[in-house]
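Start counting the sequence shown at 362; every next residue gets the next number (our numbering).
The C-beta atom is built at its ideal place from N, Cα and C for all residues, glycine as well.
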Amino acid sequence: MYSESFIFSRYLPPDQQTRRWGWRLLDAGRQNVPRGSPYPASGHPMEYLFDANGRRTLNEFQVVFIVKGSGEFASKSLSNTGVNAGNAILLFPGEWHQYRPNPETGWSEYWLGFMGQDAERIMQTFFNPEKPLLQTSHADEIMRLFDQLLHRMKHPFPGAEQVLASTIPMILAYLQAAKVQNEMKTHGDTGLVMEAKSRMLQSLTSRTDLSDMAQQLGMSYSKFRVLFKEQTGYAPREYENLIKLNRACDLLRSGQYSVSQIAEELGYSSIYYFSRAFKKQFGKSPRDWLDRV
362 MYSESFIFSR YLPPDQQTRR WGWRLLDAGR QNVPRGSPYP ASGHPMEYLF
412 DANGRRTLNE FQVVFIVKGS GEFASKSLSN TGVNAGNAIL LFPGEWHQYR
462 PNPETGWSEY WLGFMGQDAE RIMQTFFNPE KPLLQTSHAD EIMRLFDQLL
512 HRMKHPFPGA EQVLASTIPM ILAYLQAAKV QNEMKTHGDT GLVMEAKSRM
562 LQSLTSRTDL SDMAQQLGMS YSKFRVLFKE QTGYAPREYE NLIKLNRACD
612 LLRSGQYSVS QIAEELGYSS IYYFSRAFKK QFGKSPRDWL DRV
């Protein structure tokens, strides 16, 4: 059972500095709705209330994260659909929507509303009004971010607006990670290429046996190579070298490793081969590149 302290909401006034930040947190909160309770609860500004038909249209993006219970959701782009614990509802500006908990179960929710130039780019690139319901993974981490955000809203400090706003892309990143994971399970060849990219990222210290990996993914290397290049624009080995070289840039910037140590760390057979690959990609040797950063 949630305590009274679980219930909290705040709506923020416009702030010119956060407008320039690219992410603007407009409102956020959490509430527990016991079964049989009216929804939404009182205390919200007029522009956030639902009309007589149970609908509303906002001028902002929102994420509504259901952590307990069940209910239903509908929007301009999606017919009435069930909502369960672990679902995140994405709301889009200008898109009418309606949602409510099941009277027999109630629900507990977190939400946040946001806008901004970077926010619009991310939402338009990675999310879709026609697919506003996401099954999340890492629910505990998402809840932690929400709780941290709301705690900071209760205890503001100078410059807090940017810190608060910077929580938004972290939450969206976890939602996107869950979306990618679900796509890997359901989209056949696309999922296989995603899995291959994930394996490469997890084994940067060695040279991937691409033929063996293709076999583990259930296809010949020739078919795997064609699919990979179709979906990424790179041959598998080119892609692996690219992510290794980008990692090399990070290690060079840190100043903690020599060029030979980086070559060894990233699984190159020699510093000569590493330096040649680096110069081909970035136009300079590792040492020259670092001198100009």
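- Leaving aside the five residues that flank residue 400 on each side, the residues in its chain whose CB is nearer than 7 Å to its CB run, in chain order, 394, 461 and 462.
- In this structure, residue 506 lies away from residue 483, with their beta-carbon atoms at least 9 Å apart.
- Here residue 522 is near residue 386, since their CB atoms are less than 9 Å apart.
- Note on residue 471: 16 or more other CB atoms within 10 angstroms of its CB, so buried under the neighbour-count rule.
- Counting every other CB atom within 10 Å of its CB across the protein chains shown gives residue 576 a total below 16, marking it as exposed.
- Close CB contacts of residue 464 within its chain, under the 7 Å cut and outside five residues either way in sequence, are with 396 and 397 (chain order).
- With a threshold of 16 other beta carbon atoms within 10 Å, residue 488 meets it and is buried.
- Per DSSP, reduced to three states, the secondary structure at residue 563 is helical.
- Beta-bridge partners assigned by DSSP to residue 380: none are found.
- When secondary structure is reduced to three states using DSSP, residue 442 falls in the strand class.
- For residue 503, the enclosing alpha helix (DSSP H) covers residues 500–515.
- When C-alpha distances from residue 391 are compared across 515, 374 and 479, the shortest belongs to 515.
- Shown here for residue 406: same chain residues with a beta carbon closer than 8 Å to its own, the five before and five after excluded, namely 372 in chain order.
- Here residue 405 is not bridged, per DSSP, to any residue.
- When DSSP states are grouped into helix, strand and coil, residue 396 belongs to the coil group.
- With contacts defined by Cβ atoms closer than 9 Å, residue 431 and residue 445 form a contacting pair.
- Shortest Cα-Cα distance from residue 416 to any of 447, 517 and 455 involves 455.
- DSSP places residue 650 within a helical segment (H, G or I) once states are collapsed to three.
- Rounded to the nearest angstrom, the Cβ distance from residue 585 to residue 578 is 7 Å, consistent with a contact under 8 Å.
- For residue 512, the number of other beta carbons within 10 angstroms of its own is below 16, and it is reported as exposed.
- Residue 453 and residue 486 have their alpha carbons spaced roughly 13 Å apart.
- Counting along the chain, the unbroken alpha helix (DSSP H) around residue 599 starts and ends at 597–615.
- Annotation: the continuous beta strand (DSSP E) that includes residue 450 extends over 448–452.
- In this structure, residue 495 and residue 540 form a Cβ contact; the two beta carbons are roughly 6 Å apart against a cut-off of 8 Å.
- Taking residue 600 as reference, the option from 617, 571 and 520 with the minimal CA-CA separation is 571.
- Shortest Cα-Cα distance from residue 651 to any of 630, 611, 638 and 593 involves 611.
- Judged by beta-carbon spacing, residue 434 lies beyond the 9 Å limit of residue 447, meaning their Cβ atoms are not closer than that value.
- Annotated three-state conformation of residue 552 is helix, per DSSP.
- By alpha-carbon distance to residue 580, the top candidate from 478, 554, 569 and 568 is 554.
- Shown here, residue 436 sits in a strand according to DSSP, grouped into three states.
- Straight across, the Cα-Cα distance linking residue 613 with residue 524 is about 29 Å.
- Here the C-alpha atom of residue 499 lies approximately 19 Å from the C-alpha atom of residue 527.
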